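Each residue of the sequence shown is one higher than the one before, counting from 1020 in my numbering.
No residue lacks a Cβ here, since even glycine has one placed at the ideal position from N, Cα and C.
The model shown is predicted, which means the values in this text are computed figures rather than measured ones.
What follows is a set of notes on a single structure, which appears directly below.
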Amino acid sequence: MLKKVTLRLSAISLCLISNYCLATEVVDEDIENIEVYGKSYRSTGTKSSLTPIESPMSFEVYDSKLLELRQVDTVNEALRYVSGITPENRATVTIFDQYTIRGFESYRNFYDGLPLQYNLAYNLAPQVDAFATQSVEVLKGPASVLYGSAPPGGMVNQTAKTPQAISEHNFRARIGTNNLAELAVDSTGAITDGVNYRFIALARSRDGQQQTTEEERITIAPSVTFDISEQTSLNVNLYYQDDPKMVPSTTLPGKGTLYEASYGKLEPDAYAGDENWAEFAREVTMIGYKLNHEFSNSISFLQNFRYTNADATQQNSYDFGLADGDKVLSRTAYKTIEDAEGFVVDNQLAMQFKLADSNHHLLFGFEYQTLDSTFDYADTFGASTPSLDLSNPDYNQFNDDTTAALDTYRQFDRLEQSQRGFYLQDEIKIDALTVIAGLRHDNYYSLTDTLVSGATSNQEIDQSDTTYRMAAIYTFENNIAPYASYSESFEPTPGVDSETGQAFKPTTAEQIELGLKYHNSDSSTKITAAFFDLRKQDVVVNTPDFMKKTQNGEVQSKGFEASIYQQLNDSLDVTLNLTDMDVEVTDNPQNPTLEGKTPIWVAEQQASLWLNYFFSDALEFNGGVRYVGESQLDAQNSGTVPGYTLFDAAASYRFNDSYRLGLAISNLTDKRYVGACYDISKCWMGAERSIELSLNASF
């Protein structure tokens, strides 16, 4: 495996050197947008030029320099020091980014303002590598008024690195624990007058934390921007990613992870799978464009389009419960084959005008997306599936008899989905007051054809919802800016209510937020704080009858978040993040015993501290500590997953203008911890210590 990846790395390197060895200009290695909040900037929070500090909502931006400093590869890793978010719920799993925002799960990221399309019921979730990301933008709270279907807790948007006119070429080589080996390049410049390019490529391999697992990735992301005229520009982009090996989601029992077993406790690299049946391979191609046109100084149009084609194959196992005490784990094997094809387009017409003493930024939008996907599932249901002795594991047991038993259960789904949304937003400025008012109406349609054991069925869903947002912020002369907001969200819900016989309604949410923002004149002090009350309504809950569901539940999340940045002197700055939430089921008529309980995967208390210390222009040290409070073992809250405190460190040394050495260590003390549990039989170990060394060359 390593030889194959090394050959790929070498091939990419030779290709890149042949193209760029003539570059002689010395530049800074961090390829940044020339103007972070420039003329074409449209923020995640408002789809306008309003910056995070000006926005009446919890909205934060983490740029590529910070991601590079921490040697972040995934969105999960980028969110470790963000208030209100519990990342890495499945810790060692790399097939998707899963986290909770303000107590609510989120599986899907956005990329350059458009959703990374996939069927939420399955596993084929596109990921964009952090190396290809200019920034990670976090919007907390309901976001449907601009983005349609979205989780109530908020959304995460990765912005793409874009072509620049100034030539900059950055190469990175990286090695580390778990046999990490990586080569990457990020190059940009002018092809000719008015035509700029960017080329990003990456090849990476390493062992997974769980025994016998591996990871491989090849990423290629070219883009070209054509400045057609002073009023019109067109960016054409491609993102291709091949992940032939990834770490699947395989759980371990609570006995041995959380609790002492007869053989002791399992090590962080424990695995419940089998090396002959541990595969997750994914290939994703995304092709898109952004068309910007200014009709005048006050009227502009943006069309953002992306086509996605993806497929994935998974061979994995899951536990069927403990047998013979607490040592032997019964297992079942399964296989999935998935593919997806679709596109999404967002059209934005922006108008600016003055009315009396108020300045208006009016935004009209229409978004349409469609996704066709298939899902082929086979399961042994335990037949001919070898068990695993956790005290003395043998990871080489699955054979032809096991795969033959996959016919025990088979299911094939074909799903067609489409969604269209019309939205309107008015951003009003009157002196120091900014008011945002918006609404959006969405229609969602899906048709699912299912084949199970020769029997066919289909389910049609046709749902619509209108969401609203109203927010205001007032900035005093001393830069203290209190704000208030009300926002809503919705998510389409498949299925039929067993009690009424009617199709489910969309799951909805509403939030009230009061906050405060402050920054001094030189931005050496920045403070944001927010109180929020968020309610998710029309939640689908189980009835006492087997496999029956109805829709009348509610979950409430309320709490406080704060982020404080302080530059103490020319050499030292610190950032403190605090979170205190109360998340609980407030209504479940079918199972009142769950009322007052906290959902799984939610750490209600969190805190983190990050510091940067500059010894000189050449040497920099960075360090952090993050505390994640306890979460619940299961929906009944019959136990807890203990909280944990982890330390991280980073350092960089710049030899000259062209070369820099970087070091990043996460979980510095190699603390053993459990990331989260679904119930007593399904837990995920936390990430062990990781040490990564990088050499960056810029020309």
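Straight-line gap, residue i to residue j (C-alpha atoms, nearest Å)
i: G1275; j: S1700; result: 10 Å
i: L1202; j: A1192; result: 5 Å
i: D1698; j: E1496; result: 52 Å
i: A1144; j: S1242; result: 22 Å
i: Q1721; j: W1296; result: As shown, the chain starts at 1020 and ends at 1718. That puts residue 1721 outside it, with no answer to give.
i: A1359; j: H1312; result: 32 Å
i: D1552; j: F1190; result: 46 Å
i: D1426; j: N1411; result: 30 Å
i: D1620; j: D1653; result: Contrary to the premise, residue 1620 reads as Trp rather than Asp in this sequence. Distance between the alpha carbons of W1620 and D1653 is about 9 Å.
i: K1022; j: S1224; result: Here the model assigns K1022 a pLDDT of 38, short of 50, so the residue's position is not dependable, and the following value carries that caveat. C-alpha separation (whole angstroms): 10 Å.
i: D1689; j: D1450; result: 53 Å
i: G1273; j: C1702; result: 6 Å
Per DSSP, the bridge partner or partners of residue i
i: E1124; result: T1119
i: E1302; result: D1261 and D1330
i: D1653; result: Bridge partners of D1653: none, in fact.
i: Q1177; result: Y1130 and V1155
i: Q1371; result: H1380
i: D1226; result: E1233
i: E1479; result: L1466
i: S1582; result: T1547 and N1596
i: P1501; result: L1535
Pick from the options that is closest to residue i, judged by C-alpha positions
i: D1484; options: R1439, Y1505 and Q1521; result: R1439
i: T1486; options: P1513, D1468 and Y1442; result: Y1442
i: S1582; options: E1187, S1504 and Q1625; result: Q1625
i: S1650; options: A1695, A1369, S1543 and L1597; result: A1695
i: D1719; options: A1097, N1198 and P1182; result: Past the edges of the chain, shown from 1020 to 1718, lies residue 1719, and the structure says nothing about it.
i: A1622; options: W1629, N1610 and G1578; result: G1578
i: G1401; options: N1335, F1362 and A1375; result: N1335
i: I1455; options: A1474, S1317, Q1444 and T1399; result: Q1444
i: V1797; options: R1301, T1605, N1596 and N1631; result: Only positions 1020 to 1718 of the chain appear in the structure, and residue 1797 is not among them; the question remains open.
i: D1468; options: A1209, L1458 and S1476; result: S1476
i: A1369; options: D1398, S1315 and P1412; result: S1315
i: S1248; options: D1212, R1223, P1272 and L1277; result: D1212
i: L1098; options: L1158, I1114 and A1375; result: L1158
i: R1429; options: E1357, Y1396, T1232 and L1628; result: Y1396
i: T1111; options: F1362, L1271 and E1510; result: L1271
i: L1139; options: T1269, M1265, T1494 and T1393; result: T1393
Secondary structure of residue i, DSSP reduced to three states
i: Y1414; result: coil
i: F1634; result: coil
i: V1094; result: helix
i: K1274; result: helix
i: D1419; result: helix
i: A996; result: Residue 996 lies beyond the stretch modelled for the chain, which goes from 1020 to 1718, so this question has no answer here.
i: F1400; result: coil
i: L1553; result: strand
i: S1083; result: helix
i: Y1692; result: coil
i: W1296; result: helix
i: D1698; result: strand
i: S1029; result: Any reading at S1029 must be qualified, since the residue scores a pLDDT of 37, below 50, and its modelled position is unreliable; the value itself is stated next. Of the three classes helix, strand and coil, the one that applies to S1029 here is helix, per DSSP.
i: P1071; result: helix
i: D1205; result: strand
i: P1608; result: coil
i: V1101; result: coil
i: F1150; result: helix
i: A1456; result: strand
i: E1051; result: With a pLDDT of 38 at E1051, under the threshold of 50, the modelled position of this residue cannot be trusted; read the value that follows with caution. Of the three classes helix, strand and coil, the one that applies to E1051 here is coil, per DSSP.
i: D1408; result: strand
Environment of residue i [buried if 16+ CB atoms lie within 10 Å]
i: N1675; result: exposed
i: A1423; result: exposed
i: N1176; result: buried
i: E1479; result: exposed
i: S1590; result: exposed
i: G1344; result: exposed
i: K1084; result: exposed
i: V1602; result: buried
i: G1514; result: exposed
i: L1069; result: buried
i: V1693; result: buried
i: E1279; result: exposed
i: A1375; result: exposed
i: S1163; result: buried
i: M1105; result: Looking at the sequence shown, residue 1105 is not Met but Thr. Label assigned to T1105: buried.
Residue i Cβ short of 7 Å to the ligand COA heavy atom set
i: I1219; result: The model on display carries no ligand, and the ligand COA is accordingly not part of it.
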